[in-house]
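Novice:
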Amino acid sequence: MITVLRIGHRPQRDKRITTHVCLVARAFGADTVIVDRKDLTLQETIARVSDRWGGTFSVSFQPWRKVLSTWEGLIVHLTMYGLPLEEKISAIRTHRDILVVVGAEKVPREVYDMADSNISVTNQPHSEVAALALFLDRYFQGTQLNREFCGNLRITPSKKEKLINDVVNQQRKAKII
Numbered sequence: 540m541i542t543v544l545r546i547g548h549r550p551q552r553d554k555r556i557t558t559h560v561c562l563v564a565r566a567f568g569a570d571t572v573i574v575d576r577k578d579l580t581l582q583e584t585i586a587r588v589s590d591r592w593g594g595t596f597s598v599s600f601q602p603w604r605k606v607l608s609t610w611e612g613l614i615v616h617l618t619m620y621g622l623p624l625e626e627k628i629s630a631i632r633t634h635r636d637i638l639v640v641v642g643a644e645k646v647p648r649e650v651y652d653m654a655d656s657n658i659s660v661t662n663q664p665h666s667e668v669a670a671l672a673l674f675l676d677r678y679f680q681g682t683q684l685n686r687e688f689c690g691n692l693r694i695t696p697s698k699k700e701k702l703i704n705d706v707v708n709q710q711r712k713a714k715i716i
């Protein structure tokens, strides 16, 4: 099971980025996201996505210190200051219960100390969304890209159109791109 812990979420400032963290986590194979500050709008948005597009993904809220101190699996903190992902991913793949920590605001020093692995996806500043996507892709070795979500809405790949199949209403919606 892969859980993502979002530390430092600021509902008014980070709502789009935290939503994207959740969407990437869901699409790239994580099972759940825990956010350290309650944001019911975020939770409802992601629940609607899962209801329509499928899967059992969820968002919950807990203080980050409690999550880190009680986690029984591997804790991986994604940071630009860590060890290179490519050097550590094979060892990380041997674990099944993984907590992946991504920050919003400055991450407290305590997180670095509590993590089993501080991992960098490049040692350059960039988005936590990108770091999470690359981490999950390397962890699953691309297999998550073929995952079936069995939702009410499904995309039919197309060269020129946006094809969305509504399984419940048995309708096909198409738009020319």
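Quick note: the sequence shown uses the numbering used here, first residue 540, plus one each step.
Beta carbons: idealized from backbone N, C-alpha and C, even for Gly.
Out of L671, I546, A670, F688, which one is the CA nearest neighbour of V606?
Specialist: Taking the first residue of the sequence shown as 1, we reach residue 606 at position 67. When each option's Cα is compared against that of V606, the closest is I546.
Novice: Please name the residue, chosen from R648, D655, D636, R604, that lies closest to L622 on a Cα-to-Cα basis.
Specialist: Working through the sequence shown from its first residue, we reach residue 622 at position 83. The candidate whose alpha carbon is nearest that of L622 is D655.
Novice: Write down the C-beta distance between V706 and V641 rounded to the nearest angstrom, noting that I regard them as a contact closer than 8 Å.
Specialist: Within the sequence shown, the letter at position 167 stands for residue 706. Within the sequence shown, the letter at position 102 stands for residue 641. About 32 Å; that fails the 8 Å criterion.
Novice: Keeping to the same chain, check which residues put their C-beta closer than 8 Å to that of R591; ignore five residues upstream and five downstream.
Specialist: Residue numbering aside, residue 591 sits at position 52 when the sequence shown is read from its first letter. Result list for R591: G690, N691, L692, in chain order.
Novice: Here's a check: name, in chain order, each residue in its chain whose Cβ is nearer than 8 Å to the Cβ of F679, leaving out the five neighbours to either side.
Specialist: Here residue 679 refers to the residue found at position 140 of the sequence shown. Cβ neighbours of F679 beyond the five flanking positions: F567, G568.
Novice: I believe F600 touches V639 by the beta-carbon criterion, under 8 Å. Please report the beta-carbon distance rounded to the nearest angstrom.
Specialist: Walking along the sequence shown from the start, residue 600 turns up at place 61. Walking along the sequence shown from the start, residue 639 turns up at place 100. Contact doesn't hold; Cβ gap of about 17 Å is too wide.
Novice: Measure the C-alpha to C-alpha separation of V615 and V572 and round it to an integer number of angstroms.
Specialist: By 1-based counting over the sequence shown, the position of residue 615 is 76. By 1-based counting over the sequence shown, the position of residue 572 is 33. The alpha-carbon atoms of V615 and V572 are separated by roughly 14 Å.
Novice: Taking the alpha-carbon positions, what's the A630 to N657 distance?
Specialist: The residue given as residue 630 occupies position 91 in the sequence shown. The residue given as residue 657 occupies position 118 in the sequence shown. If I take the Cα positions, the gap works out to 13 Å.
Novice: Measuring CB to CB, does R686 end up less than 8 Å from M540?
Specialist: The residue given as residue 686 occupies position 147 in the sequence shown. The residue given as residue 540 occupies position 1 in the sequence shown. No, Cβ-Cβ distance for R686 and M540 is not below 8 Å.
Novice: Going by CA-CA distance only, name the one from R565, L562, K554 that's closest to R576.
Specialist: If you number the sequence shown from 1, residue 576 lands on position 37. R576 has its Cα closest to that of K554, out of R565, L562, K554.
Novice: Once the 5 residues before and after S659 are set aside, which same chain residues still bring their CB inside 7 Å of it?
Specialist: As a first step, residue 659 is located in the sequence shown; it is residue number 120 there, counting from the start. Here the set comprises T618, M619, Y620, G621, L622, P623, L624.
Novice: Let me know if D694 comes out buried or exposed under the rule of 16 or more other beta-carbons within 10 Å of its beta-carbon.
Specialist: By 1-based counting over the sequence shown, the position of residue 694 is 155. The amino acid occupying residue 694 in the given sequence is Ile; Asp does not appear at that position. I694 should be labelled exposed.
Novice: Taking the alpha-carbon positions, what's the T557 to K699 distance?
Specialist: The residue you call residue 557 lines up with position 18 of the sequence shown. The residue you call residue 699 lines up with position 160 of the sequence shown. Each residue's alpha carbon lies about 31 Å from the other.
Novice: With distance defined between alpha-carbon atoms, name the residue in E649, H548, L544 nearest to I597.
Specialist: As a position in the sequence shown, residue 597 is number 58, starting the count at 1. Here residue 597 turns out to be Ser, not Ile, going by the sequence shown. Of the listed residues, the one whose Cα sits closest to S597 is L544.
Novice: Would you kindly check if the distance between the Cβ of L673 and the Cβ of Q683 is under 8 Å?
Specialist: Position 144 of the sequence shown holds residue 683. Position 134 of the sequence shown holds residue 673. For Q683 and L673, no; Cβs fall outside 8 Å.
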